[in-house]
Every structure is written in C-alpha cells, then in structure tokens.
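Colleague: 1 is the number of the first residue of the sequence shown in the UniProt record's numbering; add one for each residue after it. Below you will find the structure I want to go over with you.
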Amino acid sequence: MARKPLCFVLMPFGTKSAGGEKPINFDAVYDEFIKPAIEEAGLDPIRADEEQAGGIIHKPMFERLVLCEYAIADLTTANANVFYELGVRHAAKPRTTVLLFAKDQGRLPFDVAPLRAMPYSIGVRGGPIDKPKSIEALVARLKAARTAVDKDSPLFQLIDEYPETTLAHEKTDIFREQVAYGEELKTKLRAARKEGRDAVYAIEESLGSLEDEEAGVIVDLFISYRSLEAWADMVRMFSKVDATLRNTILLREQYALALNRNGDGEEAEKILEQLIHERGPSSETYGILGRVYKDRWLKAKEQGQTGKAKGHLRQAIETYLKGFEADWRDAYPGINALTLIHAQDHADPRIPELRSVVEYAVRRKIASGISDYWDYASLLELSVLASDQVSSETHLGDALSHIREGWESKTTAKNLSVLLEALPADSTDRRWIENIINELLGT
C-alpha cells in the first residue's frame, strides 16, 4: 500500500482567547475541521503539539517542518511558536504551505491577505461552524497545492536563487547525499545501481505512485537511472513525478540531459533555453545546452555536412563560454569550450588566457577540499592539450579513482577523441592519447 504524503499542522492547542468574545477550542478546530480536510485530501495529518515536549522546538519538529510534503499553519492568536515554525517552513519550502485564521477573533499582527490565508468561522461555543463548507474549501486548497507551480513562501518569492549557494553541477549529488529519507531505501538503491537498470526499476515499481513520494526518494531514483545511462527511464519517470518537483531547476536540467542523450536534442534545447529565460545564466544549464550543440556538431561531421558542422561547433563553443562566464568557479563548461576551440583552430588567440583561467579554477576547487571527478578530468584534458604525457598519466589515475558514474569517464574519452582527431596524422602524441582514451572507456 502506497504511503500517504504527510501534512504537518502548526497551530495552538487547548482552549485559548484570540481577542474575540469567546475563547477558541483549538482541539475542536483540529479534530472537527482541519484533520478531516487533510484526510479527505488524501494526506496523513501530524499535529505540531503532538511532537513537542514542554514547548521546546526540538530536532523532530525541524525535521517535520523541512521534510513533510505539506503543512498547514493556523495564525489565529499570533502564537509565537506557530509564527517561528512558519518562518522555518517558509525558509525551507517554496511551496505546499497553507495558511488559516479564524475570522472576527481579534487582530492578527500583520495583513495576511498577501499570503492568501484562508479564513474559517468559530461558533459561540468556541468550536468551528460551517464545517462542511470549510472542509471543502481546505481540501481544495490542499489539492491545489499539490499541482501548484507558484511559490507560497515570501522568502522564495522575493529572493531569486534562494537558497542555491553551491556550484550548479554539484547540486544533484549533494542533494542525494544530504536528504534524509530512510536509510533502508537509500541502501537498496545503492546496491541496485551496482546490479543494473532492472534492479533500480524494481525499486521504482515497489514505491507505487511517484506523485506522493518524497523529493529525496525521487531525486535518488532519477540519478540512479542517470548512473546507469538509462536515459529513456529518466524521460519516462519525469512525467510521473509531482508537478512541483518537476518544476524544480534540478529535475528540469537533468531531464534535459536525459532527453538529449536519448536522441531528443530539440526538446532538451527548449527546456534549457526556457530555464535560462526564467532564471538567468547558469553554468550547469549552459553546460548541458553546450552538450546539445556539441552532439549536433559531431553528428553533422559524421554525416559529412561540413557547413552545418562548423555552425554547430561555433554554437557549442559560444554556449560553453557563456556557462563559464556565468560562474568561473565551475570549470566544466570552460574545459569543454577550450577543447572545442582547439578542434576548431588550435592557434586561436583565446586559448592561452582561457587555459590559464580554467586551470586556476580547477586547482582552487581541489585546494578547497571539495573536488570531484570533473576536476581531475579537467586537469587530464588540460595536460593532453599541452601535450604533457607525464602529467596526463598522473591526472588519469586521479580521475579514475574519483569516478562516481560510468558515463562520466565516457564523456571525458569523447572529449579526448575530439582532440585526437584534431592532431596531424604523424603526431607522436597520438599513441599515448589513444591509450588514455582506451583506459577511460574500459572503466
């Protein structure tokens, strides 16, 4: 049986005065109005006071605020705990938080109209009235939150890029490692990636509806297919996940990557251009878009379409350069631009300066202690570009020891093949570069 999404309820408890004629029985509000609406919406309710001990905001409370798929906050009485918890929720989740307040029960500390808070009515005995109508309205709010694209958190609405502070191409891996969603399932997926695509698919099938699964599970599953180069499964799976998660930059970028690898570069291009239009320049988005154009160049070249190939090559170089200029700390689009410029014209005057900046970016990242496969692969490509066999072999060993997913080394091998083809037929470098490519392909 599929697990229902959790809905965390932030509200006062017991009977308290809100400034109206009669005190409000918040336990009755929960039992007779909020809880039935949550259950009718297909969610599983958890009330905040059931998790508290002595009013202290402790670790389980923060976990619920951050990890629950939905939340309801009752702002009536301007309860300090509720407002603090709502602030944590709005800082952690851009969407799926619904606000309530009791009508005509004293003044709230600020105008809730911009937050689209929903009013409900209290009777003379302090309990909720007009319950069928109120329940229907709250159910509609919760169901709308499931498919909403707009953000309900003022923080996410006002600050563009909040809270994205890490390098873009690292987001998928950091997210997978940091989201706590159940060690048992995480262990199963790790083992399944070693067994192959069918093992990962079996886990996906065991989850039931992906729309109701938490984000950490979805991202890990999505990236597990990427690890196995199961591009068609990534494309298929994307349409099955929750609309809110589908709208995240992370999944849209990875979906575009999968589309391109699966042969639909045109759709990938549309998605990536839309992302750039919405959010501005990004090293990751431009890096994936550069790969779309690079693949078109390789295909046109293979088919003997010389003019078209030159156009796609220029387009790929310009796109990778835009990605590197968007964030010079991220060397991935920079090294790709450098490799393609070499393929286009090894005497291009941009090469010396670009090579220096790319190498500096890579070495600073390694020195910071947060290096990954792409950093060592970039040093390998830089050494090959410089015809430095000794350094190339050293960096090859470093790169091979940092591989996380098999497709990574294949990508590097493809880049080195571009450099190999650009060398003269009698170049003495050809043999050792071929050996490095073979080692990369053999991993």
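From the three backbone atoms N, C-alpha and C, an ideal C-beta is built for every residue, glycine too.
Exposed or buried, which one is LYS365 when buried takes at least 16 other CB atoms within 10 Å?
Modeller: buried
Colleague: Leaving out five residues on either side along the sequence, give the residues of the same chain with a beta carbon under 8 Å from the beta carbon of THR96.
Modeller: GLU69, TYR70, ALA71, ALA145, ARG146, ALA148, ASP152 and THR244
Colleague: Please classify VAL82: is it buried, with 16 or more other beta-carbons within 10 angstroms of its beta-carbon, or exposed?
Modeller: buried
Colleague: Can you tell which of ARG431, SER427, TRP407 and ALA422 has the C-alpha that lies nearest to the C-alpha of GLY442?
Modeller: TRP407
Colleague: Tell me whether GLN274 is buried or exposed, calling it buried when 16 or more other Cβ atoms sit within 10 Å of its Cβ.
Modeller: Within 10 angstroms of the beta-carbon of GLN274 lie fewer than 16 other beta-carbons, which makes it exposed.
Colleague: Using CA atoms only, rank isn't needed, just tell me which of GLY127, PRO132 and ARG190 is closest to LEU228.
Modeller: Looking at the Cα atoms, ARG190 is the closest of the given residues.
Colleague: Between which residues of its own chain and TYR376 is the CB-CB distance below 7 Å, once the five residues before and five after are set aside?
Modeller: HIS395, ASP398, ALA399 and HIS402
Colleague: Can you grab the Cα-Cα spacing for the pair ALA343 / ILE223, in whole Å?
Modeller: Rounded to whole angstroms, the gap between the alpha carbons of ALA343 and ILE223 is 31 Å.
Colleague: According to DSSP, is THR412 part of a helix, a strand, or is it coil?
Modeller: helix
Colleague: Going by C-alpha distance, which of PRO119, LYS308 and GLY334 is nearest THR319?
Modeller: GLY334
Colleague: Pick helix, strand or coil for MET234, following the three-state DSSP scheme.
Modeller: MET234 falls in the helix class under three-state DSSP.
Colleague: Taking the straight line between their C-alpha atoms, what separation do you get for ALA331 and PHE324?
Modeller: 7 Å
Colleague: Could you say which of LYS188, LEU65, LEU221 and ASP104 lies nearest to LYS18 if we only look at CA atoms?
Modeller: At residue 18 the sequence reads Ala, which differs from the Lys that was named. ALA18 has its Cα closest to that of ASP104, out of LYS188, LEU65, LEU221 and ASP104.
Colleague: Give the list of continuous alpha helix (DSSP H) stretches no shorter than 4 residues that lie fully inside the stretch 314-359.
Modeller: Runs of the alpha helix (DSSP H) inside the stretch 314-359: 331-344.
Colleague: In whole angstroms, what is the alpha-carbon distance linking SER239 and GLU184?
Modeller: 26 Å
Colleague: Hey, how far is the Cα of PRO5 from the Cα of GLY208?
Modeller: 12 Å
Colleague: Taking the Cβ atom as the reference point for each residue, do LEU142 and ARG89 lie within a distance shorter than 9 Å?
Modeller: The beta carbons of LEU142 and ARG89 sit no closer together than 9 Å.
Colleague: By the DSSP assignment, the beta strand (DSSP E) with ASP74 in it spans what residues?
Modeller: Note, ASP74: beta strand (DSSP E), 70-74.
Colleague: Near ALA422, which residues of its chain fall below 8 Å by C-beta distance, leaving aside the five closest residues on each side in sequence?
Modeller: Around ALA422: HIS342, ALA343 and HIS346.
Colleague: Under a three-way DSSP split, which group does PHE13 fall into?
Modeller: Correct three-state label for PHE13: coil.
Colleague: For ILE276, which three-state DSSP category applies?
Modeller: It is helical.
Colleague: Just reading off the beta strand (DSSP E) that residue 444 is part of, what are its end residues?
Modeller: An answer regarding residue 444 cannot be provided, because it is not within the stretch 1 to 443 covered by the chain.
Colleague: Looking at C-alpha atoms only, which residue of VAL384, ARG431 and SER391 is the closest neighbour of LEU416?
Modeller: For LEU416, the closest of VAL384, ARG431 and SER391 by C-alpha to C-alpha distance is VAL384.
Colleague: Buried or exposed, going by whether 16 or more other CB atoms sit within 10 Å of the CB of GLU359?
Modeller: buried
Colleague: Between the C-alpha atoms of GLY216 and PHE156, what's the straight-line distance to the nearest angstrom?
Modeller: 20 Å
Colleague: Entirely within the stretch 85-141 and at least 3 residues each: give me those beta strand (DSSP E) ranges in chain order.
Modeller: 97-102 and 118-120
Colleague: Roughly how many angstroms lie between the CA atoms of SER378 and VAL29, to the nearest whole one?
Modeller: 60 Å
Colleague: Does DSSP classify PRO424 as helix, strand or coil?
Modeller: coil
Colleague: Once DSSP output is grouped into helix, strand and coil, what is the label at ILE370?
Modeller: Coil, per DSSP.
Colleague: Can you round the beta-carbon distance between ASN336 and GLY290 to whole angstroms, since I take them to be within the 8 Å contact cut?
Modeller: 6 Å
Colleague: Considering only the beta carbon of each residue, do GLY14 and ASP31 sit closer than 9 Å?
Modeller: no
Colleague: Alpha helix (DSSP H) containing PRO23: first to last residue?
Modeller: Element bounds for PRO23: n/a, residue is neither H nor E.
Colleague: Does the beta-carbon of ASP198 have 16 or more other beta-carbons within 10 angstroms, so that it is buried, or is it exposed?
Modeller: exposed
Colleague: When DSSP labels each residue in this structure, what does ILE159 get in the three-state scheme?
Modeller: coil
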